[in-house]
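Undergrad:
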Amino acid sequence: MDEVIKAKRQAVGSALRNITIRGAREHNLKNVDLEIPRDKLVVFTGLSGSGKSSLAFDTIYAEGQRRYVESLSAYARQFLEMMQKPDVDQIDGLSPAISIEQKTTSKNPRSTVGTVTEIYDYMRLLWARVGIPYSPATGLPIEGQTVSMMVDRVLALPEGTRLYLLAPVVRGRKGEYRKEMAEYLKKGFQRIKIDGSFHELAEAPVLDKKFPHDIDVVVDRIVVRPDIGQRLAESFETALKLAEGLAVIEYADAPPAPVDEKKSDKKVAKIHDKTGAERILFSEKFACPVSGFTIPEVEPRLFSFNNPYGACPKCGGLGVEQTIDADLVIPDKDLTLRKGAIAPWAKSSSPYYIQTLTALGKFYKFTLDTKWRDLPKKTQSAILHGSGDDEIKFSYEDGVRAYDTKKPFEGVVTNIDRRFRETESEWAREELGKYFSDVPCDGCQGYRLKPEALSVKIGAKHIGEISEMSVRHAGEWFATVPTMLNTQQNEIAVRILKEIRDRLSFLLDVGLNYLTLARASGTLSGGESQRIRLASQIGSGLTGVLYVLDEPSIGLHQRDNARLLDTLRRLRDLGNTVIVVEHDEDAVLAADYVVDVGPGAGTHGGHIVAQGTPIEVMKNPKSLTGKYLTGELSVPVPERRPPNHRRTIKVINARGNNLKNVSAEIPLGLFTAVTGVSGGGKSTLLIDTLYKAIARKLNNASEGAAPHDRIEGLEHIDKIIDIDQSPIGRTPRSNPATYTGAFTPIREWFAGLPESKARGYEPGRFSFNVKGGRCEACQGDGVIKIEMH
């Protein structure tokens, strides 16, 4: 009995120290048995297709995640995706598992680097708590002031100063205001100031309702003394209630020498009215006393572009607007109007468009055989944007009837815009949408937020400006924020700033210093998205978790590799097990434990060739990876390079993002590598500039290229393809054979067999996507889902 208990204790102890896999057969795995240490950095390596991902993701992670979800209640499970049980006999020592794969994050245009990492959430909180609103009119701070602050400000004036305390009830508005003045008289007020002149309220002049007026009710007359605090507070409360949160102090005599503003806790805006008397305006709300620019209570939601409370009303928080792009309407400026220079009209066989252009040619004195670029600017503008008040005679004949009409020309751009807004046809909307492109919103200048949010600043910077900074520059700026705040503000901001700086440092550590916080998540590569999620996991501070990562070093320059490995070690040191599928030499050598899967790919793989420390794997003669690590094998460098026939394509003065007027010449017909440190501008040059410019030229693509002067050598290219990291399959039934088209000739070959012909089978009979060919029990999925209750 004691021996049984002892054996069980040993098994439990082993499970606490190791993850034990018995009989793993998922995909091409050959009944694999494996023990890997917990709380270590473990690298799975081997040939592509050898079974690394099948073991790491489809077996270990799938079982860890499945067990965790199964431990939850039935109610909670319905909201979580349950992974299929892997084909494995037994796994012991598992923790709750988190997978960080190479796939792009949300395609939602509202999702940014800042929102994904939660940095922007903390920024919203920071600006809401210590940000100061500034008036667009005066450039001075506008702050909510308490009555006690107002009283202190007045008592700071020289003793004996004679003042009026006024309630500015009307500011620059038209009207007679007889009813309002009668109400003030009923409430006991005796004097009023109208357009700079004081009057007895009972004898106030009749106002001209056609002109704007300024009306101040005299609430109190004051001589500054130390003992008037109580009276002053009551008078301020009366004035604030009367003027909806505003009050004015006006000097009754000539103003004294200026007060040292540095001794005052708050800066207030000062203006002079028509009589020249100095006035000091106070507001208990966030309102500019000069322009009336008002901000509601400054809360975090004011800085959210995903909330109607903070989003720019013009673009809805997207930062861009869709407008018709003249370069898409006229993609080839060397074409003539007769040859189809106007792209939306070139596809139509109707004589209407040619007849319209003929009439325009007669009016503006040009021929349809003139190249677009040679037409006068005025003529180009009239064709695109309309003739304005000029009436043009149009003659139309459609084969059935002929008629003349005289009217202004609407313009191609105006016509497309109107039809796009009015049509109810999805097809027409899709066709017309090809001529639209995104431009920064002129309401918010691309910052996504309403003016009220952008007026709130910390150190003269609003939240949108910081979001447009790179991670590195934002980190440097946030490090200086404490010097911009007073003691009270620093007490409020200290924890918020720590969270922001920590998250920015994690992004720096994974080599993403070049990304801006406003960068849309959908534009990130798979590797960038993975490293962002990795940084977020470090920020979460979880321990006792099993992390499985898919080649995090892809796309990372060797210079940044060491920082990435430090990040993985930090994740391990928190008390987590980190499993990494990786080919990178530095990552393999930095691992605590290495598992080499092989020896070949596909059916020739699925075995554990070697395992142990990197040194032990290097000493194992069966390990192909070990031979490369020791230098016994190496990647051969070609001795002979293909000749360059000097056909090139040139990018002239590319200046998108961080490019500094870069000109590059790329030879055609050769294998060319463009390399450099992460964030150096490779993708901006090749994808954002070269690819998008050529795609717009050849394919009439709607997405515009990054700023550049021109592309030379386009005559050598007839097609361009961008192969990115987006998944290729759109449905669960998609597989390599269907995607590449290989399945079509296979089905046709089976349909051509004698027995198939005898039975009348068509190629569809051999498809798992259509009725008659697919298994009806599983609808062609190959598996049946059974609800377990």
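In the working numbering, the protein residues as written are 1044 to 1832. Every residue gets a Cβ at the ideal spot worked out from N, C-alpha and C, and that includes glycine. It should be emphasised that the depicted structure is a prediction, and the values quoted were computed from it without experimental measurement.
1) Mapping DSSP to helix, strand and coil, what is residue 1097?
2) Measuring alpha carbon to alpha carbon, tell me which of 1364, 1633, 1827 and 1518 ends up nearest residue 1548.
3) Any idea if residue 1125 is buried or exposed, counting beta-carbon neighbours within 10 angstroms, 16 or more meaning buried?
4) Helix, strand or coil: how does DSSP classify residue 1312 here?
5) Which runs of the alpha helix (DSSP H) fall wholly inside the segment 1368-1412 and span at least 4 residues, in chain order?
6) Residues in its own chain within less than 6 Å of residue 1118 by CB, not counting five upstream and five downstream?
7) When DSSP labels each residue in this structure, what does residue 1322 get in the three-state scheme?
8) Whole angstroms is fine: what's the gap from residue 1489's alpha carbon to residue 1483's?
9) Of all the alpha helix (DSSP H) runs that stay within the bounds of the segment 1592-1642, which reach a length of 4 or more residues?
10) Is it the case that the segment 1466-1478 contacts the segment 1434-1444, given that we only count it when at least three CB pairs across the two stretches are under 8 Å?
11) Which one or two residues does DSSP pair with residue 1259 in a beta bridge?
12) How long is the line joining the alpha carbons of residue 1288 and residue 1327, rounded to whole angstroms?
13) Using 8 Å as the threshold, is the C-beta distance between residue 1064 and residue 1620 below it?
14) By alpha-carbon positions, which one of 1820, 1507, 1818 and 1786 ends up nearest to residue 1806?
15) Can you have a look at residue 1368 and say buried or exposed, based on whether 16 or more other CB atoms are within 10 angstroms of its CB?
16) Considering only their Cβ atoms, is the gap separating residue 1436 from residue 1833 smaller than 8 Å?
17) The alpha helix (DSSP H) spanning residue 1671 covers which residue range?
18) Could you check how far apart the C-beta atoms of residue 1751 and residue 1692 are, in whole angstroms? I think they sit under 8 Å.
19) On the CB-based measure, 16 or more other CB atoms within 10 Å of its CB, does residue 1792 come out buried or exposed?
20) Going by the beta-carbon positions, is the gap between residue 1455 and residue 1387 smaller than 8 Å?
21) Taking the alpha-carbon positions, what's the residue 1796 to residue 1580 distance?
22) Cα-Cα, which of 1127, 1138, 1727 and 1171 is closest to residue 1496?
23) With distances taken between CB atoms, is the gap from residue 1502 to residue 1527 smaller than 8 Å?
24) Kindly confirm or deny that the segment 1254-1266 and the segment 1208-1222 touch, where touching means at least three C-beta pairs closer than 8 Å.
25) DSSP three-state call for residue 1284: helix, strand or coil?
26) Measure the alpha-carbon distance for residue 1642 versus residue 1113 and round it to whole angstroms.
27) Using the Cα positions of residue 1103 and residue 1803, report the straight-line distance between them to the nearest angstrom.
28) Could you tell me whether the segment 1607-1616 touches the segment 1071-1080, where touching means 3 or more Cβ pairs closer than 8 Å?
29) Tell me, which residues are paired with residue 1481 by DSSP?
30) In chain order, what residues of the same chain have a beta carbon less than 8 Å from the beta carbon of residue 1372, not counting five sequence neighbours either side?
31) Does residue 1243 pass the burial test, meaning 16 or more other C-beta atoms within 10 Å, or should it be called exposed?
32) Which residues bound the beta strand (DSSP E) around residue 1132?
33) How many angstroms separate the CA atom of residue 1833 from the CA atom of residue 1096?
34) Pick from 1211, 1404 and 1264: whose alpha carbon is nearest that of residue 1204?
35) Kindly indicate the opening and closing residues of the alpha helix (DSSP H) around residue 1742.
36) Since I believe residue 1594 is in contact with residue 1624 (beta carbons under 8 Å), could you give me their beta-carbon distance rounded to a whole number of angstroms?
TA: On the basis of the data shown:
1) It is helical.
2) Nearest of 1364, 1633, 1827 and 1518 to residue 1548, Cα basis: 1518.
3) So residue 1125 ends up on the exposed side.
4) Low per-residue confidence applies at residue 1312: pLDDT is 34, beneath 50, and the placement is therefore not dependable, though the value from the model is reported in the following sentence. Residue state, collapsed to three classes: coil.
5) Fully enclosed alpha helix (DSSP H) runs of 4 or longer: 1369-1372, 1386-1389 and 1395-1407.
6) Counting only Cβ-Cβ distances below 6 Å, and skipping sequence neighbours, we find nothing.
7) Strand, per DSSP.
8) A straight-line Cα-Cα distance of about 5 Å links residue 1489 and residue 1483.
9) Listed in chain order, the complete alpha helix (DSSP H) runs (minimum 4 residues) inside the segment 1592-1642 are 1601-1616 and 1628-1633.
10) No: fewer than three Cβ pairs fall under 8 Å.
11) Answer by DSSP bridge pairing, in chain order: 1211 and 1236.
12) Spanning the two alpha carbons is a distance of roughly 5 Å.
13) Cβ distance not < 8 Å, so residue 1064 and residue 1620 don't count as in contact.
14) If we check each option's Cα against that of residue 1806, 1786 comes out closest.
15) Flag for residue 1368 reads buried.
16) Nothing about residue 1833 can be read from this structure; the chain reaches only from 1044 to 1832.
17) First-last of the alpha helix (DSSP H) with residue 1671: 1667-1673.
18) With a Cβ gap of about 13 Å, residue 1751 and residue 1692 do not count as contacting.
19) Label assigned to residue 1792: exposed.
20) In this structure, residue 1455 sits near residue 1387, with a CB-CB distance shorter than 8 Å.
21) Distance between the alpha carbons of residue 1796 and residue 1580: 56 Å.
22) Selection 1127, 1138, 1727 and 1171 evaluated against residue 1496 yields 1171 as nearest (Cα-Cα).
23) Result yes, Cβ atoms of residue 1502 and residue 1527 sit closer than 8 Å.
24) Yes: at least three Cβ pairs fall under 8 Å.
25) Secondary structure of residue 1284 (DSSP, three-state): helix.
26) Their backbone Cα atoms lie some 35 Å apart in a straight line.
27) Between the alpha carbons of residue 1103 and residue 1803 lies a distance of about 47 Å.
28) With a cut-off of 8 Å, the segment 1071-1080 and the segment 1607-1616 do not count as touching, because too few Cβ pairs lie within range.
29) Bridge partners of residue 1481: 1365.
30) Around residue 1372: 1385, 1386, 1387, 1427, 1455, 1456, 1459 and 1478.
31) Looking at its Cβ environment, which holds fewer than 16 other Cβ atoms inside 10 Å, residue 1243 is exposed.
32) Looking at the DSSP string, the run of the beta strand (DSSP E) that includes residue 1132 is 1131-1135.
33) Only positions 1044 to 1832 of the chain appear in the structure, and residue 1833 is not among them; the question remains open.
34) Looking at the Cα atoms, 1264 is the closest of the given residues.
35) Looking at the DSSP string, the run of the alpha helix (DSSP H) that includes residue 1742 is 1735-1742.
36) Taking a contact as a CB-CB distance under 8 Å, the pair residue 1624 and residue 1594 counts as one, their CB atoms being some 6 Å apart.
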